[in-house]
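In our numbering, the protein residues as written are 113 to 658. See below for the structure under consideration.
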């Protein structure tokens with residue numbers, strides 16, 4: 113058994129490395145989406161490509177990043193100084209705007225197994241445009257070829273030298289090449305930071321001791337997960353939830369899950385929990401399909417949330433958990449399915465459905481549904497003639513916060529990003545500086561949270577005035593059905609999207625698709641509130657006693 117003090121020291125070391133990688137990426141990035149909104153993630157992996165530590169970044173990235181690392185290892189012979197690049201959702205990625213860089217870390221360069229890295233580091237960032245039919249690469253689509261540039265694992269850096277031909281291939285296919293080049297450079301810097309810090313700790317503690325610590329951290333994460341699972345009553349817990357539609361067909365998209373909790377006898381290594389998504393809809397025509405990496409990531413996130421904060425976010429968490437995601441469904445789509453919305457919207461619904469199932473087993477631990485959407489807003493066009501960058505293209509992307517679901521002991525928080533997103537809203541000053549927009553309203557959405565013993569958090573109202581003609585693209589959810597309440601709490605208010613033309617004429621616009629707006633027009637997003645928890649009467653009674 114490892115010394116607990118030493119184990120905690122190494123846990124903090126690895127976590128701090130991932131955090132420092134993220135800080136390096138954020139401070140070096142060119143685009144507001146990464147620099148201001150922090151739409152990125154960094155992680156450290158052992159020699160077997162199992163995640164050791166993650167930064168406190170984006171859950172939708174972190175749980176799925178190991179698939180990108182494995183894809184790079186399987187398809188490329190990574191050598192010292194190499195950096196691989198991948199965004200292909202069907203080769204370990206999630207959706208095309210999320211580009212992942214993977215770097216091997218060789219500590220003992222002259223040992224007999226010199227071709228085997230001691231560690232890997234990876235950085236993933238959402239790039240505001242990677243080509244495709246719509247600016248921002250998040251438009252309505254029927255197949256992945258319409259969504260942007262698809263990159264299988266390739267070397268962006270070979271032996272420490274940037275591969276200019278590969279970089280030029282990427283830049284030739286995007287609307288904002290300067291931003292993309294700068295952001296990719298920031299990701300390379302983040303990987304270099306991680307590699308440098310790993311070399312330093314191996315020099316301080318010896319490589320053998322550090323490797324031993326990584327194995328012990330994985331075992332500890334597994335043990336703590338098994339301990340958690342023993343607290344869940346054995347049984348089968350089922351739930352379903354729906355997306356409003358896929359953007360093409362006006363028909364709800366079903367996500368179904370059955371969670372089976374079992375208690376194997378003796379020292380059995382068989383999974384103690386099976387998460388089975390059989391019964392979910394076949395993959396759909398629109399872009400809300402999720403690849404398997406997304407579904408796995410959502411499951412990782414939910415069970416990580418149930419563990420104590422000091423448990424390492426390591427691969428060992430999933431050792432007792434089996435995930436079944438049938439191929440050809442919305443939770444494990446196959447090519448050439450469109451998947452841009454699977455990463456941002458289906459991921460949220462998978463979390464909602466899994467939490468709803470677990471609420472039957474752990475009623476005092478599971479919150480009501482949060483906003484359940486990332487409210488993706490993309491605006492693309494050309495800077496106007498009166499702007500310093502007149503004639504240049506721009507691509508703005510942002511996810512907009514909503515209401516957190518009420519918790520069993522507390523109200524939900526208002527105006528926050530929840531579950532699979534952990535980003536920020538772009539500050540009004542940064543947005544107006546970088547783009548030809550004006551923020552005309554930015555506030556909480558009163559009374560949008562569900563009622564209950566504990567109230568759901570309120571959503572947000574975000575309104576922008578366009579200072580040039582532009583294409584506005586939305587990819588959002590919970591517009592027809594509000595986030596569910598639990599144990600007698602009421603649902604949160606559904607969201608709304610409004611276009612306000614010159615003269616003040618308001619028109620509700622679809623939650624998925626694009627609309628052309630003119631200079632002086634406004635777009636207003638009203639995000640959903642969180643669901644309530646418990647009966648309203650219990651809240652009043654408690655207030656009266658107080």
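Where a beta carbon is used, it is the ideal one built from N, C-alpha and C, also for glycine. Because the structure is a prediction, the values reported are computed rather than measured.
- For residue 297, there is no enclosing beta strand (DSSP E); the enclosing alpha helix (DSSP H) has its first and last residue at 289-317.
- Under the three-pair Cβ rule at 8 Å, the stretch 294-305 counts as touching the stretch 143-153.
- The alpha carbon of residue 308 has as its nearest neighbour, out of 230, 631, 447, 465, the alpha carbon of 230.
- In terms of Cα proximity to residue 135, the closest of 124, 142, 126, 150 is 150.
- A straight line joining the alpha-carbon of residue 269 with that of residue 190 spans about 10 Å.
- Under a 10 Å Cβ-count criterion, residue 633 is classified as buried, with 16 or more other Cβ atoms of the shown protein chains found around its own Cβ.
- If you draw a straight line from the Cα of residue 212 to the Cα of residue 426, it is about 19 Å long.
- In the three-state DSSP reduction, residue 534 falls in the coil class, being neither helix nor strand.
- Residue 573 sits away from residue 591, with the two beta carbons spaced by 9 Å or more.
- Taking all protein chains shown into account, residue 630 has fewer than 16 neighbouring C-beta atoms within 10 Å of its C-beta and is therefore exposed.
- Per the C-alpha coordinates, the member of 185, 326, 131, 249 positioned closest to residue 119 is 326.
- In terms of Cβ geometry, residue 261 and residue 278 do not form a close pair [threshold 9 Å].
- Taken through DSSP and simplified to helix, strand or coil, residue 408 comes out as helix.
- Straight-line spacing of the CA atoms in residue 304 and residue 473 works out to 44 Å.
- Taking C-beta separations shorter than 7 Å and ignoring five residues to either side along the sequence, the partners of residue 519 in its chain run 479, 566, 645, following chain order.
- Annotation for residue 609: no alpha helix (DSSP H) segment contains it, though the beta strand (DSSP E) segment containing it runs 608-612.
- According to DSSP, residue 352 shares a beta bridge with 368.
- Only exposed fits residue 115, as fewer than 16 other CB atoms lie within 10 angstroms of its CB.
- By the Cβ rule, the stretch 605-615 does not count as touching the stretch 497-507, because fewer than three pairs are nearer than 8 Å.
- Secondary structure at residue 512: coil, using DSSP grouped into helix, strand and coil.
- Scanning 435, 431, 209 for the CA closest to the CA of residue 288 turns up 209.
- Between the stretch 577-590 and the stretch 484-493 there are three or more inter-stretch CB-CB distances shorter than 8 Å, so the stretches are counted as touching.
- Residue 235 is bridged by DSSP to 154, 213.
- Rounded to the nearest whole angstrom, the CA to CA distance from residue 458 to residue 317 is 43 Å.
- Non-local C-beta neighbours of residue 534 in its own chain, meaning closer than 7 Å and more than five positions away in sequence, comprise 169, 170, 171, ordered along the chain.
- Taking a C-beta distance under 9 Å as the contact criterion, residue 248 and residue 625 do not qualify as a contact pair.
- For residue 165, the uninterrupted beta strand (DSSP E) segment begins and ends at 163-166.
- By the criterion of a C-beta distance shorter than 7 Å, residue 416 is surrounded in its chain by 425, 429, once the five residues flanking it on both sides are discounted.
- The straight-line gap separating the alpha-carbon atoms of residue 339 and residue 178 is approximately 24 Å.
- If you look at residue 196, you'll find it isn't in any alpha helix (DSSP H); it sits in the beta strand (DSSP E) that goes 195-198.
- For residue 494, the enclosing beta strand (DSSP E) covers residues 488-494.
- Selection 584, 562, 570, 638 evaluated against residue 602 yields 562 as nearest (Cα-Cα).
- In the DSSP assignment, residue 583 falls within the unbroken beta strand (DSSP E) covering 582-587.
- A contact is defined here as three or more CB-CB pairs under 8 Å, and the stretch 455-471 meets this definition with respect to the stretch 351-360.
- Between residue 393 and residue 442, the beta carbon gap of about 5 Å places them in contact (Cβ cut-off 8 Å).
- For residue 277, the enclosing alpha helix (DSSP H) starts and ends at 276-283.
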